[in-house]
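K.L.:
Before we start, here is the structure in question, set down as structure tokens.
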Amino acid sequence: LRSFEKFHLLLNAFELAFEALPVLLYTLSILVLFFSALIYFAEPRTNITTLPQAVWLTITTMMTVGYGDVMPRTTSGLICTSFLIISSALYMAIPLGIVGGAFSRVWEDRDRLMLIRRTRNRLQQWGYTPKDILELFYLYDSDKSGELDLGEFSEMIGEMRLGISADRIVNLFKTFDTDGSGKVDDEEFVRALYPKGYNTIFHIKTWGADLGTEIMEFTGFGKRNTDMGNGSGGDGGPALGYDNPSSSETIDE
């Protein structure tokens with residue numbers, strides 16, 4: 001299981017590096033076309049017969065393969081190929097540096113990423129979706145302050161049975177507490193677990209609050225029932241109070 005989790009760290013590193021891929025491919029295309037044209041015009045047609053053959057020579061040279069089936073014969077062709085080799089060495093250092101840097105950042109942050117992944121997997125096992133995450137947060141907010149202190153957070157993590165030590169729970173709490181206030185509010189909680197769905201989740205929260213206010217104003221009720229015990233969580237998970245009105249909306253994790 002740990003090996004599988006660390007494999008996801010590698011995927012996270014490639015996901016971070018993937019953002020730079022279009023720029024790298026564009027630069028690679030420019031280099032290939034430029035040097036292919038130079039070599040094609042520098043070499044006689046008896047050696048490099050077609051432009052695709054020059055492209056083949058350029059690509060095999062850049063990738064340090066060098067099959068030897070095609071090679072420059074003239075002095076100008078050798079000079080162009082020499083500059084191509086130097087440019088290729090400089091270019092290939094860029095993507096390797098990007099991927100290596102991304103993996104270093106992910107590896108340094110591996111504990112946080114693996115703990116958050118375990119937490120999300122356990123919530124999924126309990127039957128919770130990103131839409132339910134706010135209700136789960138408020139369920140463990142025992143003092144109704146709108147924030148989880150370390151004790152409340154530890155209680156929630158303990159009930160999830162993630163198998164992590166108290167020290168790692170503290171480290172996970174510090175990861176959630178991005179402003180260093182010593183408490184985790186609902187926005188920090190959602191942003192840490194579902195960063196891609198953060199805006200959608202809080203759109204649902206705002207929509208639900210506005211709807212509740214309109215209903216109370218229309219009916220004349222001044223107090224909303226906040227009983228959290230009417231629902232039920234799956235597989236031993238805690239219960240939620242009501243179904244989200246936007247349950248059909250899909251939220252990215």
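Residue numbers for the sequence shown follow the UniProt record's numbering, so the first one is 1 and each next one is one higher. Even glycine gets a Cβ: it sits at the ideal position worked out from N, Cα and C. Since we're looking at a predicted model, the values are computed, not measured.
At 4 residues or longer, what runs of the alpha helix (DSSP H) sit wholly inside the segment 21-85?
P.N.:
Listed in chain order, the complete alpha helix (DSSP H) runs (minimum 4 residues) inside the segment 21-85 are 21-42, 51-62.
K.L.:
Any idea what DSSP makes of residue 185, helix, strand or coil?
P.N.:
Correct three-state label for residue 185: strand.
K.L.:
So, with DSSP's three-state summary, where would you put residue 150?
P.N.:
Helix.
K.L.:
Identify whether residue 195 lies in helix, strand or coil by the three-state DSSP scheme.
P.N.:
DSSP places residue 195 in coil when its eight states are reduced to three.
K.L.:
For residue 88, count neighbouring Cβ atoms within 10 angstroms of its own Cβ and tell me buried if that reaches 16, exposed if not.
P.N.:
The residue in question, residue 88, is buried, as its Cβ has 16 or more Cβ neighbours within 10 Å.
K.L.:
Could you give the distance in angstroms between the alpha-carbon of residue 39 and the alpha-carbon of residue 105?
P.N.:
Spanning the two alpha carbons is a distance of roughly 40 Å.
K.L.:
What's the C-alpha gap between residue 147 and residue 141?
P.N.:
The straight-line gap from Cα to Cα measures roughly 6 Å.
K.L.:
Determine, using beta carbons only, whether residue 133 and residue 91 come nearer to each other than 8 Å.
P.N.:
No. Outside cutoff.
K.L.:
Pull up the distance between the alpha-carbon of residue 136 and that of residue 93, whole angstroms please.
P.N.:
One C-alpha to the other measures close to 46 Å.
K.L.:
Give every residue of the same chain whose Cβ lies closer than 6 Å to the Cβ of residue 16, excluding the five residues on either side of it in the sequence, and list them in chain order.
P.N.:
Excluding positions up to five away in sequence, the list reads 102.
K.L.:
Hey, how far is the Cα of residue 209 from the Cα of residue 190?
P.N.:
Note that residue 209 scores a pLDDT of 48, beneath 50, so its modelled location is shaky; the value from the coordinates is reported in the next line. Distance between the alpha carbons of residue 209 and residue 190 is about 17 Å.
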